[in-house]
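One rule links them: number in the working numbering = place in the sequence shown (from 1) + 678.
A short write-up of the structure that comes next.
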Amino acid sequence: MPLIHECVVTTLTPEGRPHIAPLGLIEEGDFWIIAPFRPSATLSNLMANPQVTASFTDDARVFARLVTGDRSFPLTDIANWPAPRLSGALAHAELEVAQVEDDALRPRFLCKVKHAVTHRPFLGMNRARAAVLEAAILSTRLDRLPREKIDTEIAYLKIAIDKTAGDAEREAWDMVMAKIAGHFETKNDHAKDASRS
Ligand SMILES: Cc1cc2nc3c(=O)[nH]c(=O)nc-3n(C[C@H](O)[C@H](O)[C@H](O)COP(=O)(O)O)c2cc1C
């Protein structure tokens with residue numbers, strides 16, 4: 679399996695407005711590949727505008743906020759590049775789509791890295807941040823995974839939170855856990871309504 683870089687991708691709508699989404703960029707040979715499932719805004723935007731920006735961050739709250747529907751992040755323009763980056767990014771890469779591999783489920787946009795810039799130092803790996811990332815991804819797949827698998831994975835990931843999280847990581851974890859709990863409460867309510875009717 680190739681290395682996947684989890685980041686925040688800025689694409690541009692056909693009108694030129696920035697749109698951000700958390701995505702994994704697949705590193706394969708000379709290409710970094712964006713593979714969005716259909717349907718998605720990122721996919722439509724990539725069809726319209728081939729120049730995108732990947733923002734890299736070590737702030738787990740960014741992923742937690744994005745998967746809970748908060749996209750209100752400050753963006754910073756990049757000189758001579760149309761798609762802005764997250765203002766808080768540690769680094770960013772400017773990517774241009776060079777080839778498209780169409781697919782009914784998950785097309786692949788093969789991009790060339792045109793330029794990469796570091797803005798702030800990266801101060802090392804952290805298990806709790808990785809655990810939040812895993813839980814954030816899990817929270818985008820709740821309807822596709824068995825409940826038991828979700829509960830088992832969360833129980834395991836929580837060990838890293840309990841042992842290695844700082845305040846920011848705990849805040850991010852709580853956001854993702856609230857989303858997951860809310861999802862199952864709504865599902866239970868629907869099940870109760872259905873059994874009454
Ligand atoms: C860390 C992370 C990585 C993700 N990677 C992908 C990905 O590679 N492809 C994808 O379709 N969705 C991925 N997702 C889920 C998308 O962010 C989600 O589908 C989002 O709604 C994108 O939709 P939009 O382009 O319509 O805004 C990822 C989510 C997270 C938190």
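Even for Gly, the Cβ is constructed at its ideal location relative to N, Cα and C.
Span separating the alpha-carbon of residue i from that of residue j
| i | j | result |
| --- | --- | --- |
| S765 | A872 | 46 angstroms |
| V642 | S718 | Residue 642 lies beyond the residue range present for the chain, which begins at 679 and ends at 875; the question has no answer from this structure. |
| F741 | N723 | 20 angstroms |
| K857 | R784 | 25 angstroms |
| A859 | G802 | 31 angstroms |
| M725 | K792 | 19 angstroms |
| A833 | F734 | 27 angstroms |
| R716 | E779 | 13 angstroms |
Integer-rounded CB distance, given that residue j should sit under 8 angstroms from residue i
| i | j | result |
| --- | --- | --- |
| V745 | S817 | 5 angstroms |
| I698 | R749 | 6 angstroms |
| R786 | A713 | 5 angstroms |
| F709 | K790 | 7 angstroms |
Residue j beta carbon less than 9 angstroms from that of residue i
| i | j | result |
| --- | --- | --- |
| I704 | P728 | no |
| A813 | A843 | no |
| P696 | T688 | yes |
| H770 | A738 | no |
| E706 | L788 | yes |
| H861 | L811 | no |
| L690 | D736 | no |
| C685 | A732 | yes |
| I839 | R848 | yes |
Who's in the neighbourhood of ligand 1, going by beta-carbon under 6 angstroms from any heavy atom, listed in chain order? E684, A699, P700, L701, G702, A713, P714, F715, S718, A719, T720, F741, V745, L811, A814, I815, T818
In the segment 732–757, which residue ranges form an unbroken beta strand (DSSP E) of at least 3 residues, counting only runs that do not cross its ends? 753–756
Can you list, in chain order, the stretches of the alpha helix (DSSP H) that have 4 or more residues and sit fully within the segment 830–870? none
Report the start-end ranges of each beta strand (DSSP E) in the segment 748–826 that is 3 residues or longer and not cut off at the edges. 753–756, 759–764, 769–779, 786–796
Which ranges would you report for the beta strand (DSSP E) in the segment 683–736 if only whole runs of at least 3 residues count? 696–706, 709–712, 729–734
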